Amino acid sequence: MTNSKPAIGHSPRIIQSVFVLLLLSLFACLSTFLVTMGAQIYRNTVDSSEKNSESRIMTAVVRSAVWAEDGGEVRIEHFDDLGITALCVVNNYDGEVYLKRLYCAVDKDPLDGEPRSYLWESYTSEDTEFNVESGETLCELNSFIPSIEGKTLTAEMESKDGTKSTIRMHLRAGGAEQ
Amino acid sequence: MKEGGRANALLVELLLVIFFFMISAAILAQVFADAKLKSRTAAATNSAMLEGQNIAEDLYGADDPEAVLKEYGFTSEGDVWILEQKGYTLKVTPKIEETDSGTLRTYEVAGIEGEKTLITLPSTRFIPKEVSP
């Protein structure tokens with residue numbers, strides 16, 4: 008008789024404690040879920056935005072380089088000893104011939120010194136022998152394969168994260184040479 | 020009595036915290052959903068722009084633009100050519116103007132997501148008439 012009284016008196020308090028614990032665990036679960044979901048969405052958004060900007064940059068660089076100098080001749084140059092295929096835009100200023108070349112080559116990262124593949128642009132006189140180091144790096148790129156068929160220039164590019172993009176351009180004023 | 024009062028206060032406090040947490044969670048969920056939607060739209064715009072530029076260039080240089088559109092997989096719906104892509108639709112509207120000196124050929128390439136126009140790229144070319152000497 009004396010043992011059963013405290014049990015009846017304690018049961019609502021136990022229920023209340025369990026309820027509080029349940030609420031606490033619900034709160035913990037919901038906050039963890041929200042933080043995880045938020046982090047995942049944030050990561051996806053940043054990744055997607057980086058992928059978009061990379062593909063836009065690499066295609067815009069090639070398009071603007073060709074459009075800017077489309078009055079001249081556009082050709083593809085193969086440097087087999089260096090393993091480089093370059094898109095070459097020929098400019099003629101008062102009889103002086105200058106070549107703008109776009110190509111993909113490896114360079115050391117300025118921050119960690121690791122070798123990375125970049126899209127390069129060089130602008131040299133026709134008399135100057137081609138040298139990878141004569142250009143400047145524009146953006147990270149895994150591969151850049153330009154080709155010309157008739158008056159259509161095609162450039163296949165692969166960004167550092169493996170996204171492939173192909174651009175096609177109809178060469179307007181200048182001639183095209185393979 | 021005192022212990023019961025303390026437990027009740029804790030309960031009320033917890034309920035209040037959960038209530039405000041729920042409000043914050045609802046707002047955050049809305050923000051996340053908006054961010055995801057915007058990210059998807061940005062990706063579709065980027066993709067539509069890359070594809071649209073290629074199509075506009077091909078149409079500019081083509082002798083038979085309809086063949087180019089068919090090669091891409093466009094289907095003709097009246098005067099308009101439609102191509103369904105992942106997340107967006109490409110629509111090409113041709114406009115041919117015959118003049119005394121030649122033909123002005125304009126193809127408007129548009130990228131559409133739902134009812135929203137993402138991009139519009141015109142591809143215009145004037146083809147002069149052959150003049151006999």
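Line by line, the protein sequences are chains A and B. In terms of my numbering, the first sequence opens at residue 8 and continues consecutively. In terms of my numbering, the second sequence opens at residue 20 and continues consecutively. The beta carbon of each residue, even a glycine, is placed where N, CA and C say it ideally should be. All of these numbers come straight from a predicted model, not from anything done at the bench.
When DSSP states are grouped into helix, strand and coil, residue 170 of chain A belongs to the coil group. Of all residues in the region 71-88 of chain B, only 72, 73, 76, 77, 79, 80 come within less than 8 Å of chain A when Cβ atoms are compared, listed by chain position. When the five nearest sequence neighbours on each side are left out, the beta carbons in the same chain lying within less than 8 Å of the beta carbon of residue 115 of chain A are those of 121, 122, 123, in order along the chain. Taking 3 residues as the shortest admissible run, the region 64-107 of chain A contains the following complete beta strand (DSSP E) segments, listed from N- to C-terminal end: 80-86, 91-100. Burial check for residue 122 of chain B: the Cβ neighbour count within 10 Å stays below 16, so the residue is exposed. For residue 84 of chain B, there is no enclosing beta strand (DSSP E); the residue is part of the alpha helix (DSSP H) that begins and ends at 84-91. A distance of 8 Å or more separates the beta carbons of residue 51 of chain A and residue 65 of chain B. Pairwise C-beta distances place the region 166-175 of chain A out of contact with the region 85-97 of chain A, as fewer than three of them are shorter than 8 Å. Excluding five sequence positions before and after residue 148 of chain A, the CB atoms of its chain that fall closer than 8 Å to its own CB belong to 65, 111, 124, 125, 126, 164, 165, 166, 167, given in chain order. Within chain A, no C-beta atom comes less than 7 Å from the C-beta of residue 105 of chain B; the nearest is roughly 14 Å away. For residue 135 of chain B, the closest alpha carbon among the candidates B:50, B:63, B:34 is that of B:63. Within the model, the alpha-carbon separation for residue 80 of chain B versus residue 162 of chain A is close to 16 Å.
With three or more CB-CB distances shorter than 8 Å, the region 67-79 of chain B counts as touching the region 171-179 of chain A. Within the DSSP secondary-structure output, residue 122 of chain A pairs in a beta bridge with A:115. DSSP places residue 95 of chain B in the strand class (E or B) of the three-state scheme. The beta-carbon of residue 129 of chain A is placed no less than 8 Å from the nearest beta-carbon of chain B. Here residue 34 of chain A carries a helix assignment [DSSP, helix/strand/coil]. Its chain contains 100, 101, 102, 109, 111 as the residues whose beta carbon lies nearer than 8 Å to that of residue 93 of chain B, once the 5 sequence neighbours on both sides are disregarded; these appear in chain order. DSSP, read as helix, strand or coil, puts residue 81 of chain B in coil. Chain B has a Cβ within less than 8 Å of the Cβ of residue 34 of chain A. No Cβ of chain B is located within less than 8 Å of the beta carbon of residue 98 of chain A.
Cβ contact annotation for residue 147 of chain B (same chain, cutoff 8 Å, sequence separation greater than five): 120, 121, in chain order.
Exposed is the label assigned to residue 149 of chain B, since fewer than 16 other Cβ atoms lie within 10 Å of its Cβ. Interface annotation for the region 83-95 of chain A against chain B: empty, criterion Cβ-Cβ distance under 7 Å. The shortest CA-to-CA distance from residue 22 of chain A to any of B:36, B:35, B:26, B:34 is the one to B:26.
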